[in-house]
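Protein chains: 2
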Amino acid sequence: MNGILIIAHAPLASAFLCCVQHVFPDNALSVVAFDVQPDQPPEETLAEARVLLKQLGTPCTLVLTDIFGATPCNVAQKLVDGTTTKLVTGMNLPMLLRAVCYRNETLDTLVVRALAGASQGVMQVAVTAPQNQTSIKNDQDPNDHQQ
Amino acid sequence: MNGILIIAHAPLASAFLCCVQHVFPDNALSVVAFDVQPDQPPEETLAEARVLLKQLGTPCTLVLTDIFGATPCNVAQKLVDGTTTKLVTGMNLPMLLRAVCYRNETLDTLVVRALAGASQGVMQVAVTAPQNQTSIKNDQDPNDHQQ
């Protein structure tokens, strides 16, 4: 099974891990979070990330990070080798949950799953109340037009 | 200026807000986070979200949430009216930072910006080290093939 290492600006990595533990309480093993502190030197951050990756001990690991170009992603880019460890950025909850669900697939497939999960999860959500009823107070029945 | 209300599983909403405050320390006003607790009844969550939206006091507000179909998104869907408040889900850091940067545009444009920011931020990141050097230990010079 592939490991998942989340590297993000503090406290975003551990917050994402909390969500995984909430949604899949029995499936959060081998998912590790690393909160990168704003004042931590990059070389120290990289050294710590290497220790975490080694401790994870999985043959292959998907590294997920929050945003391209920032320190957590730059560090993660130096961490991965492109074969046994691969890096995906722009992490959202749909990406992370998809990745956790498909951890038994190959690392290449897992990357595709993560990218698809993230993109498919981004959308505008329509309102549930009829849009011509917005002047009705929220605590009134929107189907009762006489009120 | 449009407000931004982040509604997500605890502690993800406040973690995202922390990141905004770190990246744009002078531009995080009118960005509010609401961590939805796992044991909180949806109707209570909705009532609390309405209070936050009212306190925000902006004429228009973009509501961002973590994942479609879960309680935070379901509550947010009941909160928005589709005209002065609109909902986007699948939030990632690129989406949020893009939304914060373009808060002065119309709410409709802001929705488009948020969706584009999120999608464009999702990508696999290539490794910086040569991929045929993965057998070399990380602390050795990858250019010295004799070691």
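Quick mapping for you: the protein sequence lines, in order, are chains A and B.
With the working numbering applied, the first sequence covers 18 to 164.
With the working numbering applied, the second sequence covers 18 to 164.
No residue lacks a Cβ here, since even glycine has one placed at the ideal position from N, Cα and C.
Option in the options with minimal Cα separation from residue i
i: residue 48/A; options: 142/A, 129/A, 24/A, 55/A; result: 24/A
i: residue 114/B; options: 26/B, 18/B, 27/B, 33/B; result: 33/B
i: residue 135/B; options: 112/A, 116/A, 121/A; result: 112/A
i: residue 21/A; options: 40/A, 130/A, 80/A, 37/A; result: 80/A
i: residue 45/B; options: 107/B, 18/B, 99/B, 126/B; result: 18/B
i: residue 104/A; options: 141/A, 118/A, 126/A; result: 126/A
i: residue 90/B; options: 76/B, 99/B, 74/B, 107/B; result: 107/B
i: residue 123/B; options: 82/B, 76/B, 141/B; result: 76/B
i: residue 84/B; options: 119/A, 139/A, 28/A; result: 139/A
i: residue 50/A; options: 42/A, 30/A, 121/A, 66/A; result: 30/A
i: residue 37/B; options: 27/B, 101/B, 117/B; result: 117/B
i: residue 69/B; options: 102/B, 88/B, 137/B; result: 102/B
i: residue 53/B; options: 54/A, 61/A, 62/A, 35/A; result: 35/A
i: residue 119/B; options: 26/B, 41/B, 28/B; result: 41/B
i: residue 62/B; options: 99/B, 88/B, 131/B; result: 88/B
i: residue 56/B; options: 39/A, 82/A, 109/A, 141/A; result: 39/A
i: residue 110/B; options: 58/A, 82/A, 132/A; result: 82/A
i: residue 132/A; options: 130/B, 131/B, 137/B; result: 137/B
i: residue 86/B; options: 99/A, 65/A, 141/A; result: 141/A
i: residue 78/A; options: 100/A, 64/A, 59/A; result: 100/A
Segment limits, beta strand (DSSP E) that includes residue i
i: residue 125/B; result: Looking at the DSSP string, residue 125/B is not in any beta strand (DSSP E); the run it does join, the alpha helix (DSSP H), is 124-137.
i: residue 33/A; result: Note, residue 33/A: premise wrong, no beta strand (DSSP E); alpha helix (DSSP H) at 29-40.
i: residue 50/B; result: 48-53
Reduced DSSP secondary structure (H/G/I, E/B, other) of residue i
i: residue 78/B; result: strand
i: residue 140/A; result: strand
i: residue 109/B; result: strand
i: residue 101/A; result: coil
i: residue 87/A; result: coil
i: residue 25/A; result: strand
i: residue 155/A; result: Low confidence applies here, because residue 155/A scores a pLDDT of 48, under 50, leaving its location unreliable; read the following figure in that light. If DSSP states are grouped into helix, strand and coil, residue 155/A belongs with coil.
i: residue 18/B; result: coil
i: residue 45/A; result: coil
i: residue 161/B; result: The predicted model places residue 161/B with a pLDDT of 46, which falls under 50 and marks its position as unreliable, so this point remains unresolved.
i: residue 120/B; result: coil
i: residue 145/A; result: coil
For residue i, the first and last residue of its enclosing alpha helix (DSSP H)
i: residue 72/B; result: 59-73
Cutoff 7 Å: residue i Cβ touching any chain E Cβ
i: residue 84/A; result: The structure shown contains no chain E; the protein chains it does contain are A and B.
Specify whether the stretch 82-99 of chain A and the stretch 131-147 of chain B touch according to this definition: at least 3 beta carbon pairs, one from each stretch, less than 8 Å apart.
-> A contact exists between the stretch 82-99 of chain A and the stretch 131-147 of chain B.
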